[in-house]
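S.K.:
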Amino acid sequence: MAETATQDAASTEPQARHVVYCGVCSLPPEYCEFGGTAKKCKEWLEKKHPDMHEKLYSEEAIEASLSTLSLDARKRAEKDSAKKEAKAAAAEARDAERKAEAMVYIKRVERNKRKYVTAVSGLEEHGHDLKKVAKDWGKKFATGSSVTKTASGTDEIVVQGDNSDDIFDIVVDVLKVPEDNVECIEDKKKKSAG
Amino acid sequence: MFKKEITAGAKSKVKSSVQRGIRTKVVETYPLLAPHIDEIIPKKSQLDLLKLPDRVSLYALNNEPLFWQHMDDAIVPHLRVVHQFPHCFSRIGIDRGAIRFVLSGAALMVPGLTSAGGQLPEPEGQLKEGDVAVIMAEGKEEACMVGQLKMGTEDMKEKKKGVAIDGGHCLGDGLWKMSID
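Chains as they are written, first to last, in the working numbering: chain A, 61 to 254; chain B, 7 to 187.
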């Protein structure tokens with residue numbers, strides 16, 4: 061056993077190191093303090109990698125890292141990080157608020173008597189790449205699916221065929237948009253010229 | 007260089023002959039990486055080329071970014087690669103006070119390297135202008151930045167001011183946060 065263990069160590073040594081990255085700010089944990097979400101990062105690390113947390117956030121470690129800086133520089137750094145953190149928090153709150161307000165509209169548009177297209181707008185507010193979603197849906201429904209500009213200048217996804225119910229399910233289940241923020245509209249108005 | 011969030015442009019497959027060229031170039035630029043090159047870019051793999059803004063091209067393998075290159079400048083490793091093989095690159099160190107500026111995307115200035123907490127190689131191991139250097143930070147184990155030097159290390163020791171690296175790739179920048187799929 062001992063032999064295989066040493067062999068393993070020898071063979072793994074020159075290979076790639078695996079570095080843990082913080083799940084909150086994506087930086088290596090030792091850089092979390094500069095990421096702007098230091099508090100959350102600390103909690104995450106405590107949960108996921110307690111040994112590392114111990115090492116990084118022990119009293120001595122903090123002392124040692126601070127002692128190399130002059131008092132003045134330390135104060136400035138502290139102020140800076142506090143500002144950054146506040147900014148990040150504010151941005152997050154703003155984002156969440158916008159997300160909570162943003163509606164996704166699934167519109168069934170009559171194209172030609174019994175033929176329909178389904179137009180979905182508002183997905184970009186929930187952080188989805190319209191082009192990718194459109195491509196996925198095209199594959200799923202085996203129909204044409206594209207991103208088009210509406211008259212008001214915003215983008216929407218147009219899927220051929222009446223898929224509004226299926227799309228509603230996908231938007232809620234797969235794309236994780238709260239159900240209250242999704243609305244199905246039936247657009248009776250016939251597209252005139254075209 | 008990647009201060010803002012970036013989105014990748016078109017992704018295309020790299021021709022196998024071009025891929026061989028990239029391999030040799032990487033080994034040429036980073037001789038220490040030679041024993042590991044098969045691990046980073048296996049012989050029978052298919053690299054992808056992504057076009058980024060500002061004429062930067064990024065080489066990726068299986069959606070993992072590996073190297074980037076600005077026009078025909080030196081080919082620079084992505085920091086994840088640096089973290090995997092830290093001892094294969096030329097390293098210089100910065101003091102603690104400079105970390106926060108580097109991580110917010112500022113150009114790396116020489117005083118951060120020449121001060122007590124910084125680290126520069128001895129004259130025999132000096133780096134010249136245009137060499138790619140990995141920046142380590144005082145009291146940290148992982149690298150925080152990588153880029154092309156604007157000034158030789160001996161020059162830095164003499165002048166003790168000016169810009170050391172401009173337009174590098176640092177932790178938490180747009181390239182770091184970019185996701186490929």
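Quick reminder that beta carbons are idealized off the backbone N, C-alpha and C, glycines included. Keep in mind the model is a prediction, meaning the values are calculated, not measured.
When Cβ atoms are compared, which residues of the region 76 to 105 of chain A fall closer than 8 Å to chain B?
M.R.: Cβ contacts with chain B: Ala76, Arg77, His78, Val79, Cys85, Ser86, Leu87, Pro88, Glu90, Tyr91, Phe94, Gly95.
S.K.: Under 7 Å, Cβ to Cβ, is there at least one residue of chain B near alanine 255(A)?
M.R.: Look at the range of chain A in this structure, 61 to 254, and you will see that residue 255(A) is not part of it.
S.K.: Would alanine 255(A) count as contacting chain B if we go by Cβ distances under 7 Å?
M.R.: Past the boundaries of the shown model lies residue 255(A); chain A is included only from 61 to 254, so the question cannot be answered.
S.K.: Hey, quick one: how far does the alpha helix (DSSP H) through phenylalanine 201(A) stretch, first residue to last?
M.R.: Looking at the DSSP string, the run of the alpha helix (DSSP H) that includes phenylalanine 201(A) is 190 to 201.
S.K.: Strictly below 8 Å CB to CB, what residues from chain B border alanine 153(A)?
M.R.: Result: empty, since nearest Cβ-Cβ is about 19 Å, beyond 8 Å.
S.K.: Can you tell me the Cα-Cα spacing of glutamine 25(B) and glutamate 34(B), whole angstroms?
M.R.: Each residue's Cα considered, the two are about 14 Å apart.
S.K.: Which residues in the same chain as serine 18(B) place their Cβ atom closer than 6 Å to its Cβ, once the five residues preceding and following it in sequence are excluded?
M.R.: These residues qualify, in order along the chain: Leu55.
S.K.: Using DSSP with H/G/I as helix, E/B as strand and the rest coil, what is alanine 137(A)?
M.R.: Three-state result, alanine 137(A): helix.
S.K.: DSSP three-state call for tyrosine 165(A): helix, strand or coil?
M.R.: Correct three-state label for tyrosine 165(A): strand.
S.K.: Quick one, which of Glu161(A), Lys159(A), Tyr176(A) has its alpha-carbon nearest lysine 167(A)'s?
M.R.: Here the closest residue by C-alpha is Tyr176(A).
S.K.: Cβ closer than 8 Å: which chain A residues qualify as neighbours of histidine 175(B)?
M.R.: Near histidine 175(B) there are no residues of chain A at all, since even the closest Cβ is about 13 Å away, more than 8 Å.
S.K.: If you count every other CB in all the chains shown that lies within 10 Å of the CB of threonine 159(B), and 16 or more means buried, which is it?
M.R.: Its Cβ being crowded by 16 or more others within 10 Å, threonine 159(B) is buried.
S.K.: Specify the secondary structure class of proline 71(B) as computed by DSSP and reduced to three states.
M.R.: Residue state, collapsed to three classes: strand.
S.K.: With a threshold of 7 Å on Cβ separation, who are the neighbours of serine 252(A) within its own chain once the five nearest residues in sequence on each side are excluded?
M.R.: Since pLDDT at serine 252(A) reaches only 47, below the 50 mark, its modelled position is unreliable, and the value read off the structure follows with that caveat. If we look at serine 252(A) and ignore the five residues flanking it on each side, it has no Cβ neighbours.
S.K.: If you reduce the DSSP assignment to three classes, tell me which class arginine 171(A) lands in.
M.R.: Three-state result, arginine 171(A): strand.
S.K.: Could you name the residues of the region 64 to 75 of chain B whose beta carbon sits closer than 9 Å to any beta carbon of chain A, in the order they occur along the chain?
M.R.: Those would be none; no residue qualifies.
S.K.: In the DSSP assignment, find the alpha helix (DSSP H) that holds glutamine 90(B) and state where it starts and stops.
M.R.: Per DSSP, glutamine 90(B) belongs to the alpha helix (DSSP H) from 85 to 90.
S.K.: Go to alanine 104(B), then tell me how far its alpha helix (DSSP H) extends in each direction, as first and last residue.
M.R.: Where alanine 104(B) is concerned, the enclosing alpha helix (DSSP H) stretches over 102 to 109.
S.K.: Anyone know if the C-beta pair for alanine 170(B) and leucine 85(B) falls short of 7 Å?
M.R.: Against a cut-off of 7 Å, the Cβ pair of leucine 85(B) and alanine 170(B) comes out as no contact.
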